[in-house]
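> Chains as they are written, first to last, in my numbering: chain F, 1 to 484; chain R, 485 to 573. Using N, Cα and C, we set each Cβ at its ideal position, and we do this for glycine too.
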Amino acid sequence: MTIEEVDVTIIGAGAAGLSAAGEAARMGARVVLVDDNQHPGGQYFRQPSPQNYKCKSLVSEKDRHRFVQLLKGIDTPLVRYCPGTTVWDIHDQFTIGLADGERSRRIRSAAIVISAGARDHVYPFPGWTLPGVITAGGSQNLIKGMGIAPAAPVVVAGNGPLLLVAAANLVSVGVEVAAVVEASNRPWNIVRHAAKLIHGGSNLGLAIKYLKILYKSKIPFLRGYGVIAAYGSECLSAVDVAPIIRNGKFERSQARRITAKTMVTGMGLTPSLELPRLLGLKETSMPLRGGPNIITNEKMMSSVFGVFVAGDGSSIGGVELSLVEGRIAGINAAIHAGIGASESMQLSLTRDLSAHRRLCKFRSGLERVFMNNVDWYDLLTPETIICRCEDVTWGKLHKCKEKGLITPLQLKAATRIGMGRCQGRNCLGTLAALTSHEGDDPTKEQEMPRTRPPARPILLSELLHEQLPPPELPDDPHLPRQQD
Amino acid sequence: MNANGQLNFRFDGQEIIGYAGESIAAALIASGISATRLSATGMPRGYFCGMGVCWECVVRINGINTVRACRQVVEDGMIVETVNAAEKL
Ligand SMILES: Cc1cc2nc3c(=O)[nH]c(=O)nc-3n(C[C@H](O)[C@H](O)[C@H](O)COP(=O)(O)OP(=O)(O)OC[C@H]3O[C@@H](n4cnc5c(N)ncnc54)[C@H](O)[C@@H]3O)c2cc1C
Ligand code: FES
């Protein structure tokens with residue numbers, strides 16, 4: 001089998017990936033667009049299940065139109081769209097490994113755009129594994145994508161803009177929401193950050209719309225509070241909420257109980273970094289933009305020459321920013337592949353760059369509205385599950401530490417934490433934070449379990465069908481192999 | 485499947501109604517079922533992330549143990565069952 005060669009490979013067909021593919025194709029680049037979902041659109045432009053849409057549709061006319069435009073952009077012979085296909089390896093900055101459920105194959109290109117999106121970040125707390133406790137994104141997927149309302153009454157609790165969107169959407173489709181619990185006590189304090197927020201344009205209008213829905217609904221809105229525990233036997237039946245005091249700890253003596261069958265939770269989103277980490281792209285920590293972020297330049301190029309990263313998979317910025325970053329990355333990836341930009345493409349790039357600056361300002365204002373100093377780890381008890389796949393509790397980790405096993409790798413070997421099916425997606429962030437909390441030498445960088453292929457679970461049968469020798473494992477995936 | 489796109493499958497023996505295009509997790513939640521897996525230590529688990537990354541919604545479908553209910557679309561006549569993570573050991 002020969003390796004397929006194209007100009008640009010784009011990973012992820014969400015807001016960022018679709019716009020990158022559209023722009024690269026508009027420049028005349030041959031593009032492969034790979035996405036492991038069956039349908040294009042990613043987490044935002046989700047296609048509702050057609051026949052059984054019980055909820056009122058939440059997709060606005062504007063978004064419907066924008067999505068049609070995005071699909072038109074990739075409807076050209078220049079773009080080969082591969083749905084239901086997972087990128088499980090990026091061998092080097094030119095070659096990626098794909099698996100489509102039946103076989104695995106490779107594609108080589110002059111430039112790669114990684115637009116793999118983000119996922120909800122949830123700090124563990126007692127009872128968070130109970131059925132009925134779901135993420136804000138999970139709630140959005142149910143009501144927006146499936147037209148199905150989660151079991152009521154619902155408590156919405158956590159931190160960040162997506163949580164309020166989820167709360168407002170639940171109210172809009174008529175679900176009984178018992179309370180909205182936001183850790184920051186500043187969500188109404190938009191005025192203070194107005195100078196930055198004003199850059200948001202229609203984004204700001206949307207945020208105000210959501211706040212209005214919540215305000216009108218008269219649902220109890222607890223600011224500066226958090227859920228300290230969830231209860232239930234087979235599934236969720238109640239949660240305890242408590243105020244957060246100055247030092248970021250929870251005031252348990254003032255806890256009160258709220259009946260709930262569903263708890264929608266999340267403390268923001270965090271970029272999905274499996275693929276960037278396979279290539280060892282340079283990262284930086286941006287607490288207000290989802291924690292670990294990929295460093296990119298104004299072309300959206302990462303620390304590795306020819307690898308572009310766009311959208312929430314690079315830094316949390318929301319759908320508008322993802323669309324703009326996707327366009328910038330798409331154009332620059334095509335230029336990188338040796339395709340000249342016409343004057344009109346240059347012009348649209350300039351426009352996108354100024355939109356990018358404006359939206360970044362908005363985003364930093366928005367994040368400041370939700371900023372807090374909560375010590376979420378204050379919620380841990382010995383019984384709290386940290387690793388959902390292997391049922392490793394905080395108590396078990398603590399016992400290991402008393403025996404002198406303190407690094408993430410030692411704890412992994414001793415408890416199997418991070419070795420389950422989710423490949424550490426649920427727990428490695430927590431493990432890193434908990435071990436650095438009490439680490440002996442804060443100046444020494446934590447040795448975390450490495451990211452290795454497969455970046456996503458694939459079937460052995462898919463690999464067996466690969467007609468090429470398997471890739472050599474790089475010596476150190478954290479070291480970029482070729483620098484700009 | 486009937487004209488409304490309605491179809492039927494079984495979850496642990498119970499007849500469940502689903503609709504074309506719906507995920508198994510969504511159809512179960514619409515029927516009031518949220519616990520669909522038993523963890524390594526026997527705790528009930530279910531739909532959490534809704535996007536295929538947490539693996540908490542894993543169910544057995546027609547004998548295959550590793551299907552994520554949030555990513556699998558319902559099909560007529562599917563036999564869906566709770567997976568007990570402890571059993572495999
Ligand atoms: C569960 C969830 C629900 C959300 N709901 C909303 C909402 O309702 N409203 C809102 O304003 N914002 C929502 N967000 C935020 C939203 O994700 C972003 O604003 C926006 O979708 C970012 O676009 P993107 O293109 O960067 O990523 P995404 O839209 O997430 O697209 C990334 C795509 O890459 C694919 N991918 C990832 N890794 C691989 C791989 N290895 N191989 C192949 N394909 C891969 C993914 O399957 C996905 O289709 C949600 C986020 C999450 C996590
Ligand atoms: S709900 Fe997380 S993988 Fe299905």
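1) Counting only the same chain and skipping the five closest in sequence on each side, list residues whose C-beta sits under 6 Å from that of Lys218 of chain F.
2) Kindly indicate which three-state DSSP category Ile198 of chain F falls into: helix, strand or coil?
3) Considering only the alpha carbon of each residue, which of R:Ile513, R:Glu540 and R:Asn488 lies closest to Tyr503 of chain R?
4) Does DSSP put Gln346 of chain F in a helix, a strand or coil?
5) What residue range is occupied by the uninterrupted beta strand (DSSP E) comprising Phe495 of chain R?
6) Please identify the residue among F:Cys422, F:Leu431 and F:Arg421 whose C-alpha is closest to the C-alpha of Leu411 of chain F.
7) Would Gly530 of chain R count as contacting chain F if we go by Cβ distances under 8 Å?
8) Show which residues of chain F have a CB atom less than 8 Å away from the CB atom of Ile513 of chain R.
9) Along chain R, in chain order, which residues have C-beta atoms closer than 7 Å to that of Cys360 of chain F?
10) May I ask you to list, following chain order, the residues of the segment 99 to 128 of chain F that have a beta carbon less than 8 Å from some beta carbon of chain R?
11) Is the CB-CB distance between Asp92 of chain F and Ala337 of chain F below 8 Å?
12) At which residues does the alpha helix (DSSP H) containing Pro413 of chain F begin and terminate?
13) Might you give, ordered along the chain, the residues of its own chain that have their beta carbon closer than 6 Å to the beta carbon of Asp441 of chain F, omitting 5 neighbours on each side?
14) Would you tell me roughly how many angstroms separate the C-alpha atoms of Ala433 of chain F and Tyr123 of chain F, rounded to the nearest one?
15) According to DSSP, simplified to helix, strand and coil, what is Glu102 of chain F?
16) Use the C-beta contact count for Ala390 of chain F: other C-beta atoms within 10 angstroms, 16 or more gives buried, fewer gives exposed.
17) Nearest-angstrom Cα distance between Pro83 of chain F and Met146 of chain F?
18) Verify the CB distance criterion: does Gly280 of chain F have a CB-CB separation below 8 Å to chain R?
19) Identify every residue that forms a DSSP beta bridge with Gly97 of chain F.
20) Among all the DSSP beta bridges, which residues are the ones paired with Pro425 of chain R?
21) What are the start and end residues of the beta strand (DSSP E) that includes Gly137 of chain F?
22) At a cut of 8 Å, does the segment 154 to 168 of chain F reach the segment 277 to 287 of chain F through at least three beta carbon pairs?
23) Can you look up Ser57 of chain F in the DSSP assignment and give me helix, strand or coil?
24) Is the distance from the Cβ of Ile258 of chain F to the Cβ of Ala238 of chain F below 8 Å?
25) Can you grab the Cα-Cα spacing for the pair Ala310 of chain F / Asp75 of chain F, in whole Å?
26) For Thr525 of chain R, is the classification buried or exposed, using 16 other Cβ atoms within 10 angstroms of its Cβ as the cut-off for buried?
27) For Met535 of chain R, which option in R:Ile545, R:Cys554, R:Arg544 and R:Ile548 has the closest C-alpha, if you only look at C-alpha atoms?
28) Looking only at C-alpha atoms, which of F:Lys299, F:Asn203 and F:Lys249 sits nearest to Leu329 of chain F?
29) Give every residue of the same chain whose Cβ lies closer than 7 Å to the Cβ of Ser523 of chain R, excluding the five residues on either side of it in the sequence, and list them in chain order.
30) Run through DSSP, which three-state label would Leu70 of chain F get?
31) Just reading off the beta strand (DSSP E) that Ala118 of chain F is part of, what are its end residues?
32) Listed in chain order, which residues of the segment 402 to 431 of chain F have Cβ atoms closer than 8 Å to some Cβ of chain R?
33) Do you know offhand how far Ala168 of chain F's Cα is from Val175 of chain F's?
34) What is the DSSP secondary structure of Tyr231 of chain F, counted as helix, strand or coil?
35) Would you say Gln43 of chain F reaches chain R, if we count a Cβ-Cβ gap shorter than 8 Å as a contact?
36) Between Thr525 of chain R and chain F, is the shortest Cβ-Cβ distance under 8 Å, so that the two count as touching?
This is what the structure holds:
1) none
2) helix
3) R:Asn488
4) helix
5) Gln490 to Phe495
6) F:Leu431
7) yes
8) Leu142, Ile148, Pro150 and Ala151
9) What Cys360 of chain F touches in chain R: nothing, since even the nearest Cβ is about 25 Å away.
10) Arg119 and Asp120
11) no
12) Checking the sequence shown, residue 413 of chain F turns out to be Ala, not Pro. Per DSSP, Ala413 of chain F belongs to the alpha helix (DSSP H) from Pro408 to Thr415.
13) Interpretation of Asp441 of chain F is limited by its pLDDT of 47, a score under 50 that renders its predicted location unreliable; the figure taken from the coordinates is listed afterwards. Result list for Asp441 of chain F: empty, nothing under 6 Å.
14) 11 Å
15) coil
16) Before going further, note that residue 390 of chain F is Glu rather than Ala in the sequence given. Classification for Glu390 of chain F: buried.
17) 19 Å
18) no
19) F:Asp89 and F:Arg106
20) The structure shown does not extend to residue 425 of chain R, since chain R is modelled only from 485 through 573, so no value can be given for it.
21) Taken as a continuous stretch (DSSP letters only), Gly137 of chain F belongs to no beta strand (DSSP E), being part of the alpha helix (DSSP H) at Ala136 to Gln140.
22) no
23) coil
24) yes
25) 21 Å
26) exposed
27) R:Cys554
28) Note that residue 329 of chain F corresponds to Ala in the displayed sequence, not to Leu. Closest by alpha carbon: F:Lys299.
29) Arg529 and Ala569
30) helix
31) Ala118 to Asp120
32) Gly420, Arg421, Cys422, Arg425 and Asn426
33) 10 Å
34) strand
35) yes
36) yes
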